[in-house]
Amino acid sequence: MSAEIIDGAAIAAEVRREVAARAARLRERGVTPGLAAVLVGDNPASVSYVSAKAKASEEAGIFAQTFHLPASATQEEVLRLIDELNRDPRFHAILPQLPLPPQVDERAVIDRILPEKDVDGLHPRNLGKLLRGDLDGPLPCTPHGVQQLLLRTGRDPAGKHVVIVGRSTLVGRPLAILLSNKAPGGNATVTICHTATADLAAHTRAADILVVAAGRPKTVTAEMVKPGAVVIDVGTNRIDDPSRKRGWRLVGDVDFEGVREVAAAITPVPGGVGPMTIAMLLVNTVRAAERAAGEA
Ligand code: NAP
-10 MSAEIIDGAA
0 IAAEVRREVA
10 ARAARLRERG
20 VTPGLAAVLV
30 GDNPASVSYV
40 SAKAKASEEA
50 GIFAQTFHLP
60 ASATQEEVLR
70 LIDELNRDPR
80 FHAILPQLPL
90 PPQVDERAVI
100 DRILPEKDVD
110 GLHPRNLGKL
120 LRGDLDGPLP
130 CTPHGVQQLL
140 LRTGRDPAGK
150 HVVIVGRSTL
160 VGRPLAILLS
170 NKAPGGNATV
180 TICHTATADL
190 AAHTRAADIL
200 VVAAGRPKTV
210 TAEMVKPGAV
220 VIDVGTNRID
230 DPSRKRGWRL
240 VGDVDFEGVR
250 EVAAAITPVP
260 GGVGPMTIAM
270 LLVNTVRAAE
280 RAAGEA
């Protein structure tokens, strides 16, 4: 039996409509939510992510501006820009597009953003709030998007065994905290796997909900999945594909064709978690503007 395909693009569109309604209410009160994106260099993937985020923002009634620095920008120059954006009342949210060039310390940049303008939810204060179960700050976009994909398709993680492959600060660890919190949308029993995990397949096969954020195609194959499991594929990997005009295509971390024959439901790549990440970025932007306007 073939798995149900979880349509992340459709669910993200629903979230974006909700954001647009909130943005419209703010504009009626004279407040236009603003997002400043900081792009350093010309990495093609980063350029395309930033333009997708700016387009989605504008469609939702959010004012978006991209500040583009050359690949040679120094750490001081990036930090100076962050300081200016922190002071600029047009922007309620600041997005440094990662990765930054090697001469720029990503953590120093994230730490410099005012916590209330930290749209990625990666500032230590916001990560600390998440750890304490205080969920009123900005939540990291991809983990929050994964949680919303589950909840909005009627798959409450409460009481389920969630196995996450990957322990990054961006995805795996915040997701583990979000889903195991004693709060609505949480209450799962969570296992985190990584490259030092002994017998990865034994863990993934125990999952009711398996989330894969490893950054490597085919990290999870059919025999590693319990029949009837829900599989969320966070991975976005470019692989060569001479049949495509651009010469590449996107694949996830899961062997989609094999796993869809075993799982009950699975997210595709593209069209799964990716659109949800952008939608949750818009949620964080509008929420920051609501807070600044004294609404939230
Ligand atoms: P990352 O920082 O490279 O972390 C990858 C994690 O996976 C690490 O913890 C690593 O373990 C673990 N891992 C890698 N190979 C493994 C294996 N064979 N077995 C077990 N664990 C393994 O990556 P990330 O930033 O979390 O991103 C993960 C993937 O998601 C990437 O493809 C990225 O492009 C994608 N992503 C997508 C979105 C989206 O919106 N769709 C957003 C963010 C990221 P160690 O810690 O032991 O090295």
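Count the sequence shown with our numbering and you get residues -10 to 285, in order. Idealized CB from N, CA, C, for every residue including glycine.
C-alpha gap between residue i and residue j, whole angstroms
{"i": "Arg76", "j": "Lys207", "result": "45 angstroms"}
{"i": "Ser(-9)", "j": "Asp197", "result": "17 angstroms"}
{"i": "Phe245", "j": "Lys44", "result": "29 angstroms"}
{"i": "His150", "j": "Leu168", "result": "10 angstroms"}
{"i": "Arg280", "j": "Ala211", "result": "45 angstroms"}
{"i": "Val240", "j": "Arg18", "result": "43 angstroms"}
{"i": "Thr178", "j": "Ala60", "result": "43 angstroms"}
{"i": "Val248", "j": "Gln54", "result": "40 angstroms"}
{"i": "Lys234", "j": "Ala277", "result": "40 angstroms"}
{"i": "Ala172", "j": "Ala191", "result": "28 angstroms"}
{"i": "Asp125", "j": "Pro146", "result": "20 angstroms"}
{"i": "Ala273", "j": "Val39", "result": "Note that residue 273 corresponds to Asn in the displayed sequence, not to Ala. C-alpha separation (whole angstroms): 16 angstroms."}
{"i": "Pro90", "j": "Val214", "result": "37 angstroms"}
{"i": "Gly110", "j": "Ile102", "result": "11 angstroms"}
Nearest-angstrom beta carbon gap, residue j and residue i [assumed within contact, 8 angstroms]
{"i": "Leu120", "j": "Ile181", "result": "Wrong, their Cβ atoms sit about 14 angstroms apart, outside the cutoff."}
{"i": "Met269", "j": "His133", "result": "4 angstroms"}
{"i": "Leu138", "j": "Ile(-5)", "result": "6 angstroms"}
{"i": "Ile153", "j": "Val200", "result": "5 angstroms"}
{"i": "Gly50", "j": "Ala(-1)", "result": "Wrong, their Cβ atoms sit about 20 angstroms apart, outside the cutoff."}
{"i": "Thr256", "j": "Asp222", "result": "5 angstroms"}
{"i": "Gly261", "j": "Gly30", "result": "Wrong, their Cβ atoms sit about 27 angstroms apart, outside the cutoff."}
Proximity winner among the options, relative to residue i (alpha-carbon distances)
{"i": "Ile99", "options": "Val220, Ala191, Val67 and Thr210", "result": "Val67"}
{"i": "Thr193", "options": "Val219, Ser169 and Lys171", "result": "Val219"}
{"i": "Ala253", "options": "Pro216, Asn273, Ile267 and Trp237", "result": "Pro216"}
{"i": "Asp242", "options": "Asn226, Ser232, Val251 and Arg235", "result": "Asn226"}
{"i": "Glu291", "options": "Leu271, Pro88 and Pro22", "result": "There is simply no residue 291 to check, as the chain begins at -10 and stops at 285 in what is shown."}
{"i": "Ile71", "options": "Arg5, Leu28, Ala49 and Val36", "result": "Leu28"}
{"i": "Gly148", "options": "Arg249, Phe52, Arg233 and Asn170", "result": "Asn170"}
{"i": "Asp230", "options": "Arg238, Gly224 and Val223", "result": "Arg238"}
{"i": "Gly161", "options": "Ala172, Asn176 and Gln136", "result": "Gln136"}
{"i": "Gly122", "options": "Gly174, Ala9 and Tyr38", "result": "Gly174"}
{"i": "Ser46", "options": "Leu24, Ala62, Ser35 and Gly283", "result": "Leu24"}
{"i": "Ile228", "options": "Ser40, Pro259, Val275 and Pro22", "result": "Pro259"}
{"i": "Ser37", "options": "Gly263, Arg96, Glu(-7) and Ile255", "result": "Gly263"}
{"i": "Thr131", "options": "Asn176, Gly224 and Asn32", "result": "Gly224"}
{"i": "Lys118", "options": "Lys42, Thr63 and Pro163", "result": "Pro163"}
{"i": "Asp94", "options": "Leu116, Glu73, Leu74 and Gln64", "result": "Gln64"}
Only counting runs of 4 or more residues, tell me where the alpha helix (DSSP H) segments fall wholly within the stretch 172 to 217, in order along the chain. 189 to 193
Does the contact criterion of 3 or more C-beta pairs under 8 angstroms hold for the stretch 187 to 207 versus the stretch 145 to 164? yes
Would you be able to state if there are at least three C-beta pairs under 8 angstroms between the stretch 129 to 147 and the stretch 181 to 190? no
How about the stretch 63 to 82 and the stretch 102 to 117: do they share at least three Cβ pairs that are nearer than 8 angstroms? yes
Enumerate, from N- to C-terminal direction, the unbroken alpha helix (DSSP H) stretches of 4 or more residues contained entirely within the stretch 84 to 115. 95 to 101
At which residue ranges does the stretch -5 to 54 contain complete alpha helix (DSSP H) runs of 4 or more residues, listed in the order of the chain? -3 to 17 and 33 to 48
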